[in-house]
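Following: one structure in structure tokens, then a few remarks.
In the numbering used here, the protein residues as written are 1 to 454.
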């Protein structure tokens, strides 16, 4: 199987770059202890030994894995150990026994924190109990996230009056901000603060900027979601030069090499999206020199090099020929004269399913301007297709699963994660590519279609 396809089919949708490896005595640490037992219906021996807890990541040279935490339970299920890591973050803890994985539990590792973790096999996610200063706040955020997502679903379904939407968004932003203010000394609190900033975009930009400044004062860094919201605002209000000035400021404030690298990636991608290809290539050359020993960074550089050569805004979208589920032939040539949004995804992808109602709304509005929407499902069977659309209406063209070469498509479009979408104008030229949650930014590209049709 094509290596890129294997990556796309994996659960991980977030690209993690390894930063400069620190010496052991410079690393941050968290002490973790607890008890893992086994449901007696699975094992009546009352021997809870040999249950493993593991956190590891690919090292930056790509040749080995760095073990951040590893512990094994005794006969009563008790374990303890110290996690050593470079950056405070959310880490996936894999719980397994006899090479069988029973669950993956996300935990925040922050320097000096002490975590107590208890669970029972086989249903780790349902029985997990995690206690620590950081993770208690994180569980609060997870509950807020679930409740807010339900509100978003109501809004997308038209169940919230239009004149009440801004009030609802501001209310939730204030709730997240209160969590940040009450827990500003924690990494989890920082996550809440960034969420508050991100959701204010276009609803209250002045408050978004004000809160981002408080975050920068406290943390010297913004997460990518809130960073993107600020960059979008500065681009809209003051243009690209203001965006680049803001990125320069963020780079100066960054406390770690990993943070600086992420900001440099943002700069290259923004220059690329703005068709300033020469500058993007110059920064990319410097990036390659700086991170030549970081395999993940080099893989990103290779991918964007392909994009800069073949998939820049204004470039012709690569040729394609598909057959839809209704038997219609569809090709890049047949769509000349029509703008279209083509999305490549797995139908069981959580992000895609969350975004589906947004696509329905886009289709209903922009179909009036001639926009076609095309869904290309990868790794899907007829059963999967029918199950997906048994709960949803099929408003636009859907390509027949298995009627195309998936490996060839992945190579041609340089796909690294799904969903990936391309907005293409009526001349067959790329307006913008949207990966994952970048889809939130599609409206600006759609405005170009309206302008072209005026």
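From the three backbone atoms N, C-alpha and C, an ideal C-beta is built for every residue, glycine too.
For residue i, the three-state DSSP class (helix, strand or coil)
| i | result |
| --- | --- |
| residue 366 | helix |
| residue 382 | helix |
| residue 229 | helix |
| residue 397 | strand |
| residue 129 | strand |
| residue 253 | helix |
| residue 459 | There is simply no residue 459 to check, as the chain begins at 1 and stops at 454 in what is shown. |
| residue 445 | helix |
| residue 437 | helix |
| residue 450 | helix |
Close Cβ partners of residue i (< 8 angstroms) along its chain, the five nearest in sequence each way excluded
| i | result |
| --- | --- |
| residue 105 | 92, 93, 95, 117, 119, 124, 125, 128, 130 |
| residue 439 | 355, 358, 419, 421 |
| residue 283 | 264, 267, 268, 271 |
| residue 399 | 322, 323, 324, 325, 330, 374, 375, 376, 377 |
| residue 6 | Confidence at residue 6 is low in this model, with a pLDDT of 34, below 50, so the placement of that residue should be treated as unreliable; the coordinate-derived value is given next. Contacts found: none. |
| residue 292 | 298 |
| residue 337 | 426 |
Those residues which DSSP pairs with residue i across a bridge
| i | result |
| --- | --- |
| residue 34 | 79, 117 |
| residue 26 | Beta-bridge pairing links residue 26 to no other residue. |
| residue 423 | 341, 432 |
Whole-Å CB distance - residue i paired with residue j, under 8 angstroms assumed
| i | j | result |
| --- | --- | --- |
| residue 221 | residue 255 | 7 angstroms |
| residue 311 | residue 444 | Not a contact, Cβ separation roughly 18 angstroms. |
| residue 179 | residue 226 | Going by Cβ atoms, the distance from residue 179 to residue 226 rounds to 15 angstroms, so no, they are not a contact pair. |
| residue 208 | residue 233 | 7 angstroms |
| residue 306 | residue 428 | That belief does not hold up - the Cβ atoms of residue 306 and residue 428 are roughly 19 angstroms apart, past 8 angstroms. |
| residue 50 | residue 97 | 6 angstroms |
| residue 380 | residue 346 | 7 angstroms |
| residue 372 | residue 340 | 4 angstroms |
| residue 362 | residue 442 | 7 angstroms |
| residue 163 | residue 133 | Residue 163 to residue 133, Cβ: 41 angstroms. No contact. |
| residue 385 | residue 401 | 6 angstroms |
| residue 277 | residue 308 | 6 angstroms |
| residue 173 | residue 190 | With 8 angstroms as the limit, residue 173 and residue 190 do not qualify as a contact, their Cβ atoms being about 15 angstroms apart. |
| residue 430 | residue 315 | 5 angstroms |
| residue 218 | residue 184 | 6 angstroms |
| residue 155 | residue 141 | No, residue 155 and residue 141 are not in contact; Cβ-Cβ is about 20 angstroms, not under 8 angstroms. |
| residue 332 | residue 320 | 5 angstroms |
Beta-carbon contacts of residue i that lie in its chain and below 6 angstroms, excluding the five residues immediately before and after
| i | result |
| --- | --- |
| residue 121 | 38, 102 |
| residue 80 | 33 |
| residue 437 | none |
| residue 57 | 66 |
| residue 35 | 77, 78, 118 |
| residue 446 | 366 |
| residue 212 | 197, 230 |
| residue 192 | 141, 176, 179, 180 |
| residue 235 | 243 |
| residue 52 | 72, 96 |
Cut-off 7 angstroms between Cβ atoms - residues of its own chain near residue i, not counting five sequence neighbours on either side
| i | result |
| --- | --- |
| residue 274 | 240 |
| residue 83 | 29, 30, 32, 55, 68, 69, 109 |
| residue 27 | 84, 85, 86 |
| residue 504 | Residue numbering for the chain in the displayed model covers 1 to 454; residue 504 lies beyond these limits and cannot be assessed. |
| residue 138 | 108, 188 |
| residue 75 | 47, 48, 49 |
| residue 435 | 417, 420 |
| residue 313 | 273, 275, 430, 431, 432 |
| residue 195 | 176 |
| residue 135 | 107, 108, 115 |
| residue 169 | 199, 203 |
Residue i CB to nearest heavy atom of the ligand HEM below 7 angstroms
| i | result |
| --- | --- |
| residue 341 | You won't find the ligand HEM in this model; it holds no ligand whatsoever. |
Complete beta strand (DSSP E) runs within the segment 40-122 (minimum length 3 residues, chain order) = Counting whole runs of 3 or more residues, the segment 40-122 contains the beta strand (DSSP E) stretches 51-58, 65-72, 78-85, 89-97, 100-109, 114-121.
For the segment 131-160, list the alpha helix (DSSP H) runs that are entirely contained and at least 4 residues long, ordered along the chain.
-> Listed in chain order, the complete alpha helix (DSSP H) runs (minimum 4 residues) inside the segment 131-160 are 133-156.
Only counting runs of 4 or more residues, tell me where the alpha helix (DSSP H) segments fall wholly within the segment 155-200, in order along the chain.
-> DSSP runs (the alpha helix (DSSP H)) wholly in the segment 155-200: 162-182, 187-199.
Write down every uninterrupted run of the beta strand (DSSP E) in the segment 259-337 whose length is 3 residues or greater and which is fully enclosed by it, in chain order.
-> Correct list: 321-323, 329-331.
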